[in-house]
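Before any comments, here is the structure.
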Amino acid sequence: MTIATLEPKVESASGKSVSIMRALVYRTSGNGPGKPSWEDQPHPTIQHKEDAIVRITMTTICGTDLHILKGDLPAVTDGRILGHEGIGVIEKIGADVTRFKVGDKVIISCVTACLKCDFCRKGMLSHCRNGGWILGNLINGTQAEYVRIPYADGSLYPFPKDGDEEAMVMLSDALPTGFECGVLNGNVKPGDTVAIVGAGPVGLAVLLTAQFYSPAEIIVIDVDDNRLGIAKKFGATKLVNSSDGKAAENIMKLTGGEGVDVAIEAVGMPATFDICQAIVGAGGRLANVGVHGKPVTLHLEKLWDRNIALTTRLVDTVTLPMLLKVVLSGKVEPAKLITHRFKLNDILKAYETFGNAAKEHALKVVLTNS
Ligand SMILES: NC(=O)c1ccc[n+]([C@@H]2O[C@H](COP(=O)([O-])OP(=O)(O)OC[C@H]3O[C@@H](n4cnc5c(N)ncnc54)[C@H](O)[C@@H]3O)[C@@H](O)[C@H]2O)c1
Ligand SMILES: [Zn+2]
Ligand SMILES: [Zn+2]
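Adding 12 to a residue's 1-based position in the sequence shown gives its number in the numbering used here.
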């Protein structure tokens, strides 16, 4: 008997009975802000031969989900099940999936990859012509009891034998995002002075993985003293609270007027992008990680002669297998970023906690579904 047959069934409009599950749905009356809602939804089914249906055992909430609720990502429409991170067990599999079987435990990448298109073949999985970042965005996501994963062979990774779920769930998105969009794109080098604006899970993932390259200074900037304190424990050499609006000035002072070699934006707001523009030194790199819903002003009148590079990136998760080895070795401990644990059916409380992170002293929140 499959687990699906144990699910409650309801009559659909066509009169056919469909299994239902519980899921976190984005509800909005149009373009603009919306609300999370915990609802009954149809149990996902195999639609293509490369699909897998995964029973979620752990999922989490990303800063990007907060941007969706704010209305920053208009492509996400009313009724979408959110979530693009998770661990689970394969419940059903399409006929053409070759790398996995029913019962396998898997890490779900936030990026869906067909592995066959031109973008996939050059390693830019985020722009896969048949996938990319679609989970919890253009198709239903992982903040649910079950999720359909298209192109399972390219979008799932085997859960390692001795893996810890709380560490492994950070490989779905946060850790590869910090590393690929921040550290690799920012070209962090030994001896560099690095500034990370935003000490959320993604900014802290930048902090953890920047240390692979032994930068001399890592300055972390946030408005939340609790998160700054955690950054200090994870290796930040200097902390700047930017709530007084003087972050750029303070960082210029800290660097003797030189600015930083690498400025990494991990918030997604004009004000924080502006800090990065103001502090990047000659020959420096500005790596944007944050999801932006509003335009920023690019100050070329100040930057044109500074020999800087500006990068943007949607995470590809191509470094997930490498980061998995580092995490298993114990050299990086991303599970330490988890501050709150909830049952999946308490996800609305989890959203409140993550959305009021400063008040709740929250960092990464995880949801379990056992
Ligand atoms: N490029 C990608 O592929 C990708 C992938 C995942 C997440 N993201 C983005 O990365 C960003 C961070 O994600 P997260 O999960 O850490 O989010 P988060 O919301 O937990 O963290 C954002 C942090 O920014 C801080 N902040 C807010 N205003 C500030 C200001 N004025 N000055 C300094 N700090 C300020 C907050 O206190 C918080 O600590 C988000 O924009 C998210 O959408 C991008
Ligand atoms: Zn994310
Ligand atoms: Zn592809």
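By construction, the Cβ of each residue, glycine as well, lies at the ideal position given by its N, Cα and C atoms.
None of the values given here were measured: they were computed from a predicted structure.
Over what stretch of residues does the beta strand (DSSP E) that includes residue i continue unbroken?
i	result
G100	98-105
K306	That residue, K306, is in no beta strand (DSSP E); it is neither H nor E in DSSP.
V292	292-300
A321	321-324
V338	Taken as a continuous stretch (DSSP letters only), V338 belongs to no beta strand (DSSP E), being part of the alpha helix (DSSP H) at 332-340.
L168	168-170
Out of curiosity, what's the CA-to-CA distance linking residue i and residue j?
i	j	result
F112	T329	19 Å
A369	D176	24 Å
K117	I263	45 Å
T14	A248	Note that T14 scores 40 on pLDDT, short of 50, meaning its location in the model is unreliable and no value can be drawn from it.
D317	I233	26 Å
A211	R239	6 Å
L78	E270	35 Å
K128	L219	33 Å
S138	C132	8 Å
I32	C193	37 Å
E372	K61	44 Å
T284	G296	17 Å
V37	N357	12 Å
G83	C122	20 Å
K350	T71	Lys is not the amino acid found at residue 350; the sequence shown has Ile there. Whole-angstrom Cα-Cα distance: 12 Å.
A179	T221	14 Å
D130	C140	8 Å
P48	Y363	8 Å
N197	G135	14 Å
E103	M281	40 Å
S184	V101	15 Å
T17	T324	Annotation note: pLDDT 41 at T17 (below 50); position unreliable, no value reported.
A260	G98	36 Å
I320	S255	27 Å
V66	V114	9 Å
N142	I231	39 Å
Per the DSSP calculation, residue i is bridged to which residue(s)?
i	result
W145	W145 is not bridged to any residue.
S49	V37
E192	Paired residues: none, contrary to the question.
A260	BP columns for A260 are empty, so no partner.
L379	T71, F354
A64	I105, I161
V209	I233, E277
A449	Since the displayed the chain opens at 13 and closes at 382, residue 449 lies outside it and no answer follows.
V272	V292
I151	L147
P54	I32
Should residue i be labelled buried (16 or more other beta-carbon atoms within 10 Å of its own) or exposed?
i	result
A294	exposed
T57	exposed
L216	buried
S167	buried
S226	exposed
P307	exposed
M334	exposed
E313	exposed
A243	buried
A278	buried
K258	exposed
Q59	exposed
Figure out for me which residue from the options has the closest Cα to the Cα of residue i.
i	options	result
P213	S382, M182, A222, D358	M182
E229	P172, D108, V274, N152	V274
L311	K376, V292, L332	The residue you asked about is not Leu; residue 311 is His in the sequence shown. Comparing Cα-Cα distances from H311 to each of K376, V292, L332, the minimum goes to V292.
L95	V109, C126, A156	A small fix is needed here, since residue 95 is Gly in this sequence, not Leu. For G95, the nearest C-alpha among the options comes from A156.
K348	A374, H304, E103	A374
I276	N142, V301, A164, S49	V301
P162	V195, L187, M136, A125	A125
F246	I208, S255, Q59, N142	I208
V200	L187, V114, F224	F224
S341	P86, A278, P172, T323	P172
T189	G75, R67, I65	G75
G46	D286, A87, S184, A64	A87
A107	I146, D63, G115, P346	D63
Need the endpoints of the alpha helix (DSSP H) that residue i sits in, please.
i	result
I242	237-245
A248	Looking at the DSSP string, A248 is not in any alpha helix (DSSP H), and its letter there is neither H nor E.
T365	359-367
With 9 Å set as the bound, which would you pick, yes or no: does the beta-carbon of residue i sit closer than that to a beta-carbon of chain D?
i	result
G98	In summary, chain D is missing from the structure at hand, where a single protein chain is found.
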